[in-house]
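Below you'll find the structure, written out as structure tokens, and then a few comments.
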Ligand SMILES: *Cc1c(COP(=O)(O)O)cnc(C)c1O
């Protein structure tokens, strides 16, 4: 199978080879020093300010979304949450469950966030802002400089779910005034699913230390204390952390995160150019499209996006990413993260062309 989903994505051979190894005991100085290096490299790739730290959470991206909501916000906060798709909706649900007072900024799916969405909230006592970098369900890349400047000017704590956008799209905690940001192992890092990572600046570290946190597994101050010596409070996905280390070192050696952004951007461009003659419409506006994924709507009447996913899976050996909920019949997505060669993209495009020939799209 060729995998064009947005996670788990295709892994590099280096990562796969490490997956064959025995899992070592981890309460050792040797493992601690690997963890310290993981922390240093993640901070560097998030362009985090000095003295930032990383929480290594065993749990998928959603675990770190929930951990962030629990640790960085309280009932005394009043936050803005951007909801432009299913991951924005998840942030809303988390605020509801944990009783964080919030106002939803509801966007039409596939549409960007603009200045006019934000200006109405100036001077209204808001303390926090929760948003994706890329809303993976629609492929929209939010204008993080606009959001960061707004949060900085108005004193809002900015928490960014960069689970899918990290590495694919330009991101800098420093330049975008981000206090805490997360990513996950099975997205652009191309590791097995199992872990997610939160980078915290000094404000975020202080904030979680002050909160009265009513949880053991998601207690970030406990993770920070163990992290001082390169450890986690509980047994982490040790194998994934070793694969993370190898991957981060390889990224550093090959020119750092800017090179990764460029690879994703070129790959997205290559795909989008190749499909211009096909009966699809790109769901997002051109200048707010993430490099992580392209969301497509079939334009011919009566064609189900979900059926295209099924036919490619069953007859062509290709996984694309179906959409859930309201968009299931209307939109499918093609991911650009993970280890993907241009020849594989060519094969996907040829398969689409074959579906045209067969009268199926
Ligand atoms: C994939 C993803 C997540 C996390 O999903 P999990 O299934 O819990 O790993 C969170 N946010 C975004 C934007 C994502 O793309």
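Numbering (this note's numbering), first residue to last: 168 to 528. Think of the CB as a built atom: it goes at the ideal place given N, C-alpha and C, for glycine as much as any other residue. Everything numeric in this text was worked out from a predicted model, so none of it was measured.
{"Asked": "CB contact flag (residue 307, residue 432, <7 Å)", "Found": "no"}
{"Asked": "Straight-line Cα distance separating residue 445 from residue 520", "Found": "7 Å"}
{"Asked": "Residue 181 to residue 415 span [Cα, whole Å]", "Found": "12 Å"}
{"Asked": "CB of residue 252 within 7 Å of CB of residue 305, strictly", "Found": "yes"}
{"Asked": "Contact check, residue 311 vs residue 334, beta carbons under 7 Å", "Found": "no"}
{"Asked": "Touching by the beta-carbon criterion (3+ pairs, under 8 Å), the region 467–487 and the region 357–372", "Found": "no"}
{"Asked": "Residue 350, buried or exposed, once every other Cβ within 10 Å from all chains shown has been counted against 16", "Found": "buried"}
{"Asked": "CA-to-CA distance, residue 230 to residue 358, given in whole angstroms", "Found": "17 Å"}
{"Asked": "Own chain residues within Cβ distance below 8 Å of residue 256, not counting five before or after", "Found": "250"}
{"Asked": "Pairwise C-alpha distance: residue 514 and residue 269", "Found": "45 Å"}
{"Asked": "Any non-hydrogen atom of ligand 1 closer than 6 Å to residue 303 Cβ", "Found": "yes"}
{"Asked": "Selected residue, minimal CA-CA separation from residue 394, among 204, 492 and 278", "Found": "204"}
{"Asked": "Whether residue 375 touches residue 360 by CB criterion (7 Å)", "Found": "no"}
{"Asked": "Residue 464: first and last residue of the uninterrupted beta strand (DSSP E) it sits in", "Found": "460–465"}
{"Asked": "Contact test: residue 229 Cβ vs ligand 1 heavy atom, cutoff 6 Å", "Found": "yes"}
{"Asked": "Validate contact between the region 494–511 and the region 169–184 using beta carbons, cut 8 Å, 3 pairs", "Found": "yes"}
{"Asked": "Residue 252: CB within 6 Å of a non-hydrogen atom of ligand 1", "Found": "no"}
{"Asked": "Contact belief for residue 478 with residue 463 at Cβ below 8 Å, rounded distance in angstroms", "Found": "Contact flag wrong, Cβ pair sits at about 15 Å."}
{"Asked": "Which of helix, strand or coil DSSP assigns to residue 243", "Found": "coil"}
{"Asked": "Distance CB(residue 325)-CB(residue 296) smaller than 7 Å", "Found": "yes"}
{"Asked": "Bridge partners - residue 363, DSSP secondary structure assignment", "Found": "224 and 351"}
{"Asked": "Through-space distance from residue 197 to residue 346, alpha-carbon basis", "Found": "30 Å"}
{"Asked": "Proximity to residue 236 [Cα-Cα], best of 214, 219, 220 and 259", "Found": "259"}
{"Asked": "Coarse secondary structure for residue 304, derived from DSSP in three states", "Found": "coil"}
{"Asked": "Cα-Cα separation, residue 427 to residue 461", "Found": "18 Å"}
{"Asked": "Candidates 489, 457, 199 and 352, of which the one nearest residue 434 by Cα", "Found": "457"}
{"Asked": "Neighbour-count burial assignment, residue 525, 16 or more Cβ in a 10 Å radius", "Found": "exposed"}
{"Asked": "Near ligand 1: residue 234 beta-carbon under 6 Å from a heavy atom", "Found": "no"}
{"Asked": "C-alpha distance - residue 267 paired with residue 492, whole-angstrom precision", "Found": "25 Å"}
{"Asked": "Beta bridge counterpart(s) of residue 169 as assigned by DSSP", "Found": "485"}
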